[in-house]
Every structure is written in C-alpha cells, then in structure tokens.
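Residue numbers (the UniProt record's numbering): 1 to 631.
Ideal Cβ positions, reconstructed from N, Cα and C, are used throughout, including at glycine.
The structure is reproduced here in structure tokens:
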C-alpha cells in the first residue's frame, strides 16, 4: 500500500483503519467499540477491549516460541558492564518483581513511582507495574528532591522504586538521600520504597519502610498478568507546565499498544529480531515508547545504554554500540549528534567501526537543523530521518514513513504527516492557511490512538492547554508550514516567532543560517526587547572544538550570512560566543529562559535543566554587551 492510500484511509475511515491495526495484537478480548466518547466528551480508542501491556511485550513472544531471542542488551560504559536478557529471562524477572509489588499491596489502578538510572531494573520495574494493571510514573533519575516531591504528591504512589545511585561521566549521584528528602517534603507518603543497591554506593535503608530489591525478589512469588480495559491508564509522565507545576500526561493501555506496534514497522521499518536503539533515557517519552514498549511489542531487541554520546569514552561511542550489536535503526536527539560533531568534526572516529548493519538514523526531540542533518548524512552515509512528536502524542506526528514509502528528504522538514495525524496550519483565528504560509501547527480531532486523553487529576488543564485555542483541534504549541509538496516544516515553539519592526520572523530560520557556518557547532537565536523595533535577534554560538576565531570577525560573517539568506529585515546584528547553552537533560535549549534573562524578567529555573551554572555565564555575556534590560 502506498503512503497516500494508507494516509487517506486513516483520515477518511479512522475506525476501520485502526480496527485493522488493532488486529495485530493478542487481546484477551478484542475491541468492538473502536472509537467512543468518554464522560468528558473526549475521543477514546478501544474502550471495551481487554489486554495487558506486559503480556503483549513479553509473554506473547515466549508463547510463540521465541523465548530464547534477546529482548534487552544492557551496555554501560560508565561501569564497564554488558548484560543480555532473553524474552524468557525478562518475562521471569518481570513476573517475580511484579510479585514483590503485589506483596506490598499494589493492585490494578494503583500508582508506582520509578526513580532510577538507565539500568535493566528500571525496565523490569516498568513492565512489572504494567503486569499488575497498575500505573507507573517514571521520574528521571537524579531529579532534585523538591521536584520529585511534587510528582510523588501528584501521583500518590503506593510504592516508590529506586536505585542507590546514578553514574555520570565524572561523578556518582546518590539517589536515596534525594528520595528520602522528597518523601519528607511530600504530603503523600508511599507505603514502601524498594531499593536496588548498586556496588558504587550503598544506600541507607529506613527500617519498616524500605525493601532491598534482591532480597525481596528472592522471596517473591511470580505474579500473573492482570486484565485491563483499553482505556485504563498505563502510565503518567510529567512534562514541564507553563504554570511551573508539571503536567502529568496520561497514556492508556489499548491505544498505546496499537499505535506503537504500528509505528515500529510504518516509521522505523523494524521486523521481529531486528536490533533497535533509542539512545535516550526511560525518564523521557522516547525511553517509554522506544526503549521499552514499542521494540518489545514488535519482538525486536532493544538497547539500554548507560552512557553519553561523548566522553564515554569518546565521540565514537554511538558508532561503537551500533557496530557491537548490529543496530539496524538508531534514534537520538539532534543535540547528541551536535555534541559528536563538536568533538569529532571530521568523523574520524567513525572509521574504526563497521556500520554495515545500520540502515537508518532517526532524530527527534527538537528541531533538526540542516547543518546537523548534512553533517550526519555526510560522515555516516546513512539515510537521516527527522521526525516530530511530543510527550503528549507518544509517537511521531510527522516523519518519513520508511516502512511504508520512503520519501526524498528535505533538510529542515519532518517530511509528511504519519497516518492517523490530520496536520493543519492555522492562522490566529483558527482558519487553515495555504501552502507555504507559517502559522500554528494543529491536529484535527480525533487524535489517533496513543495520544493523551487527559492530564492526571486535572481534566480542565488538559482542555485549556490543548483544546481551547482552536475548537475541534489539538493545539501543538509549535509553529510551522506545509509546502506545496505536502512536506511539513516545524519551525519551533510559537513563542519562538519574534516581531521585529512589525515583521514576524522565525528564530529557527536564523539558527539554520548561523549553524551553517563552518566554525559553529551549535547555536541559539533569541529575540530580546528593543525599545525601537519591539524585538531584536541575538545569536549565541558554541564553537567546534579546536576552532579559534576572532569574535568580531565571526560576528560580521554571521551577520552577513543572515542578511544574505533572510534579508536586512531580520536586523540580525549581535553574536556572542558562549561556552555552553542552557538545556534540559533531553537536550532542548531553554530559549524562553534566555529571553527572560535578556529582558531582565524574573524566572524560575526548571527542574529539567542539565547545568544551571550555564545561566550565569549567559547572563554575564549578555550583560558585557549591554544586552540585558535593566527595566
């Protein structure tokens, strides 16, 4: 079936389309009610179906005679450890840990918070919670105690599962003191904490509350899978909210399983037995969808990697892992490849490794700028696929559907809408715009399976945050356009559009031009307040390792490049060379925070920031150039 045929069927006949895709799963009771409305008037998929997510990820493959196949490869350069789990071994481990949780009273619908590093036990804990029909909420390991407390308070878990420590490139992060502090701060107190003790740090246990993972597992009886409805929640995943309070994105069991199983073939062209590597963390949505669930639903081998793209030990780390395990598809954020490019701009380290089994490189999590796209394509010789999605959707809204029909890529574009997503570009009044015109990117309802149906405990926040701006549509919060060929270009958050003397300009477009300079490894362009023009753009750039330039000369060259590409109307005249850009741990540059600093506004440092000291450096650099508003 061609892409156009498949896409039109998904939009024109969504119930028939998704009923067919649901047939690929082993339901306990197949759904007859494909699409319905819940009490809030929200579209829900497969409400009367019965299933168990852990069963679909594990037991099914064992029952089908593929229990000996490798399910998980754990590769930890920070500890020098490699381990493999077959589908049978992983099923047994999950069933036994589910028994640990069941012994602590965890039942269908209960919540369990998981606060762990990138180790197999994190995956085992997630699947064990799903096995019981309970709801997991994974919090990125090492999150500060106040932020962890907010999440414990919101999710109200019966049990928290943690490890004694996380391991970074050059330091150990003890988790247990952070967890203990968070529980003191939280008004909700979990009944029990299960602690996986790592040899690098031994955590102090609280008598009567804390259980040792290994001791509890040794005494546990394996637990069977619990049936749940298609619309029962599988997990809560917290994402930053505009109010400062994190939003708990809810994912259901039925739609999630159908969508992710479909996506593995349609988007990533993966078959049972193939090796898939999402170089992310289970604390993020990519880790949920494409380290844990989608590969296991599809009978693939998935990688759990406890390391970085650089410094573990060098910028060849990704290529080493791909070569060692025969990775067919690699998926990471563009920031990872920019880090590799910065340390190994010529791609020399790649020459050490055999990448013949690597077929495609996928990127998402932030906009893939054309310079990073071209560099990755040139040094690897592999197809590079940009695809766009959000924590809220759980899988790709737009991409190059490699398993249906591979399109000729256009740098800067996330290619085409994935079947199921009716992507529209709207003006401020909610009217569709013609090809080539920039506006708000919105998804016409109903959303396909796998997308959030609500925010945990706060439906009105879901309605006001996503459905209010454009009735009949989900508002993505991103801006962009669709060209004459149907290719979608995501230009960044709608608040990344700046107004210079009445001209609406995309900072993403300027970043493309700046990043194309041979000395620039990474950049951000922000709009700062200007009394005459309203806003003026300022470029913040990181240089490639080993590159030495005169900052004034570089500024002049970049100003000229932007003038040539966009025009004098951009008023791009200021460039600062910086050592670091403030980012979230998933690699997104905190542009809004940068604007607040430059505009002299008060701001709160988000819990997701990777290195808060970078903010002081940026503020000092802006101040030296007189670019911080004193008003």
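Original post:
At which residue ranges does the segment 445 to 510 contain complete beta strand (DSSP E) runs of 3 or more residues, listed in the order of the chain?
Top reply: Counting whole runs of 3 or more residues, the segment 445 to 510 contains the beta strand (DSSP E) stretches 473 to 482, 488 to 493, 497 to 500, 503 to 506.
Subject >> Three-state secondary structure assigned by DSSP to residue 572 >> reply: Reading the chain shown from its first residue, position 572 is the one you call residue 572. Residue 572 sits in coil when the DSSP states are folded into three classes, being neither helix nor strand.
Original post:
In terms of residues, what are the limits of the alpha helix (DSSP H) holding residue 322?
Top reply: Here residue 322 refers to the residue found at position 322 when the chain shown is read from its first residue. For residue 322, the enclosing alpha helix (DSSP H) has its first and last residue at 317 to 325.
Original post:
What is the rounded straight-line gap between the Cα of residue 242 and the Cα of residue 428?
Top reply: Within the chain shown, residue 242 is the residue found at index 242, counting from 1. Within the chain shown, residue 428 is the residue found at index 428, counting from 1. With a pLDDT of 48 at residue 242, under the threshold of 50, the modelled position of this residue cannot be trusted, and the question is left open.
**OP:** Mark residue 98 as exposed unless 16 or more other C-beta atoms lie within 10 angstroms of its C-beta, in which case mark it buried.
**Re:** As a working note, residue 98 is residue 98 in the chain shown. Counting of Cβ neighbours within 10 angstroms places residue 98 among the buried residues, the total reaching 16 or more.
Original post:
The beta strand (DSSP E) with residue 37 in it runs from where to where?
Top reply: By one-based count along the chain shown, residue 37 stands at place 37. Where residue 37 is concerned, the enclosing beta strand (DSSP E) stretches over 35 to 37.
Subject >> Closest residue to residue 118 among 167, 89, 189 (Cα-Cα distance) >> reply: If you number the chain shown from 1, residue 118 lands on position 118. The shortest C-alpha separation from residue 118 is found at 167.
**OP:** May I ask you to list the residues that DSSP assigns as paired with residue 45?
**Re:** By 1-based counting over the chain shown, the position of residue 45 is 45. Here residue 45 is bridged, per DSSP, to 35.
Original post:
By Cβ distance below 8 Å, which residues in the same chain neighbour residue 617 in space, the five residues on each side in sequence not counted?
Top reply: In the chain shown, residue 617 corresponds to position 617, counting from 1. Hits under 8 Å: 578, 579, 580.
Subject >> Those runs of the beta strand (DSSP E) which lie wholly inside the segment 375 to 419 and span at least 3 residues >> reply: Considered as a whole, the segment 375 to 419 harbours 384 to 386 as its complete beta strand (DSSP E) runs of no fewer than 3 residues, in chain order.
Subject >> residue 264 in three-state terms, based on DSSP >> reply: Working through the chain shown from its first residue, we reach residue 264 at position 264. Helix, per DSSP.
Original post:
If you pair each beta-carbon of the segment 338 to 351 with each one of the segment 374 to 389, do three or more pairs fall below 8 Å?
Top reply: In short, these stretches touch, since the Cβ pair count reaches three.
Subject >> For residue 101, the first and last residue of its enclosing alpha helix (DSSP H) >> reply: The sequence position of residue 101 within the chain shown is 101, counting from 1. Start and end: 87 to 103.
**OP:** Give a yes or no on whether the C-beta atoms belonging to residue 256 and residue 234 are separated by under 9 Å.
**Re:** If you number the chain shown from 1, residue 256 lands on position 256. If you number the chain shown from 1, residue 234 lands on position 234. Closer than 9 Å, so yes.
Original post:
So is residue 185 in contact with chain B if we call contact Cβ pairs under 9 Å?
Top reply: Annotation note: the requested chain B is absent from the structure, which comprises a single protein chain.
**OP:** Pick helix, strand or coil for residue 353, following the three-state DSSP scheme.
**Re:** By one-based count along the chain shown, residue 353 stands at place 353. Coil.
Subject >> Contacting residues, own chain, Cβ-Cβ under 6 Å from residue 522 (five flanking each side not counted) >> reply: Working through the chain shown from its first residue, we reach residue 522 at position 522. Cβ-Cβ distances below 6 Å link residue 522 to 338, 542 in the same chain, with the five nearest sequence neighbours on each side left out; the list follows chain order.
Original post:
How about the segment 477 to 491 and the segment 451 to 462: do they share at least three Cβ pairs that are nearer than 8 Å?
Top reply: In this structure the segment 477 to 491 does not lie against the segment 451 to 462, because fewer than three pairs of beta carbons, one per stretch, are closer than 8 Å.
Subject >> Any beta strand (DSSP E) of 3 or more consecutive residues that is wholly inside the UniProt domain "AMP-binding enzyme C-terminal" (509 to 588) >> reply: Fully enclosed beta strand (DSSP E) runs of 3 or longer: 520 to 530, 534 to 543, 574 to 577.
Original post:
Roughly how many whole angstroms lie between the Cα atoms of residue 250 and residue 135?
Top reply: Sequence index remark: in the chain shown, residue 250 carries index 250 (1-based). Sequence index remark: in the chain shown, residue 135 carries index 135 (1-based). Distance between the alpha carbons of residue 250 and residue 135 is about 10 Å.
Subject >> Beta bridge counterpart(s) of residue 163 as assigned by DSSP >> reply: Translated into positions along the chain shown, residue 163 becomes position 163. 196, per the DSSP bridge assignment.
**OP:** Return helix, strand or coil for residue 238, following the three-state DSSP convention.
**Re:** The sequence position of residue 238 within the chain shown is 238, counting from 1. DSSP, reduced to helix, strand and coil, places residue 238 within a strand of the structure shown.
**OP:** Rounded to whole angstroms, what's the CA-CA distance from residue 321 to residue 292? Just pull it up for me.
**Re:** Within the chain shown, the letter at position 321 stands for residue 321. Within the chain shown, the letter at position 292 stands for residue 292. Roughly 18 Å separates the two Cα atoms.
**OP:** Please list, in chain order, all residues of the same chain as residue 631 whose beta carbon is under 7 Å from its beta carbon, the five residues on each side excluded.
**Re:** In the chain shown, the residue the question calls residue 631 occupies position 631. Because residue 631 sits at a pLDDT of 49, beneath the cut-off of 50, its placement in the model cannot be relied upon, and the following sentence gives the value as read from the coordinates. Once the five neighbours on either side are set aside, the close Cβ partners of residue 631 are 600.
Subject >> Enclosing alpha helix (DSSP H) for residue 60 [first to last residue] >> reply: In the chain shown, residue 60 corresponds to position 60, counting from 1. That run of the alpha helix (DSSP H) goes 60 to 63.
Original post:
Per DSSP, residue 248 forms a beta bridge with which residues?
Top reply: Your numbering for residue 248 matches position 248 in the chain shown. Checking the DSSP bridge columns, you'll see residue 248 partnered with 238.
Original post:
Cβ of residue 414 within 9 Å of Cβ of residue 425?
Top reply: On the chain shown, position 414 is the one that residue 414 refers to. On the chain shown, position 425 is the one that residue 425 refers to. Their beta carbons are not under 9 Å apart, which means residue 414 does not touch residue 425 by this criterion.
**OP:** Look at the Cβ atom of residue 506, then the Cβ atom of residue 478, and state whether they are nearer than 9 Å.
**Re:** As a working note, residue 506 is residue 506 in the chain shown. As a working note, residue 478 is residue 478 in the chain shown. Not closer than 9 Å, so no.
**OP:** Using the Cα positions of residue 31 and residue 259, report the straight-line distance between them to the nearest angstrom.
**Re:** If you number the chain shown from 1, residue 31 lands on position 31. If you number the chain shown from 1, residue 259 lands on position 259. Each residue's alpha carbon lies about 15 Å from the other.
Subject >> CB contact flag (residue 47, residue 229, <9 Å) >> reply: Walking along the chain shown from the start, residue 47 turns up at place 47. Walking along the chain shown from the start, residue 229 turns up at place 229. Closer than 9 Å, so yes.
Subject >> Three-state class that DSSP yields for residue 188 in the structure shown >> reply: Walking along the chain shown from the start, residue 188 turns up at place 188. Residue 188 falls in the coil class under three-state DSSP.
Original post:
Roughly how many angstroms lie between the CA atoms of residue 422 and residue 165, to the nearest whole one?
Top reply: Within the chain shown, the letter at position 422 stands for residue 422. Within the chain shown, the letter at position 165 stands for residue 165. Rounded to the nearest whole angstrom, the CA to CA distance from residue 422 to residue 165 is 43 Å.
Subject >> Exposed unless 16 or more other CB atoms sit within 10 angstroms - verdict on residue 157 >> reply: Position 157 of the chain shown holds residue 157. Its Cβ being crowded by 16 or more others within 10 Å, residue 157 is buried.
**OP:** Could you check if residue 189 is buried or exposed, using at least 16 other CB atoms within 10 Å of its CB as the buried criterion?
**Re:** For the purposes of this step, residue 189 is taken as the residue at position 189 of the chain shown. Only exposed fits residue 189, as fewer than 16 other CB atoms lie within 10 angstroms of its CB.
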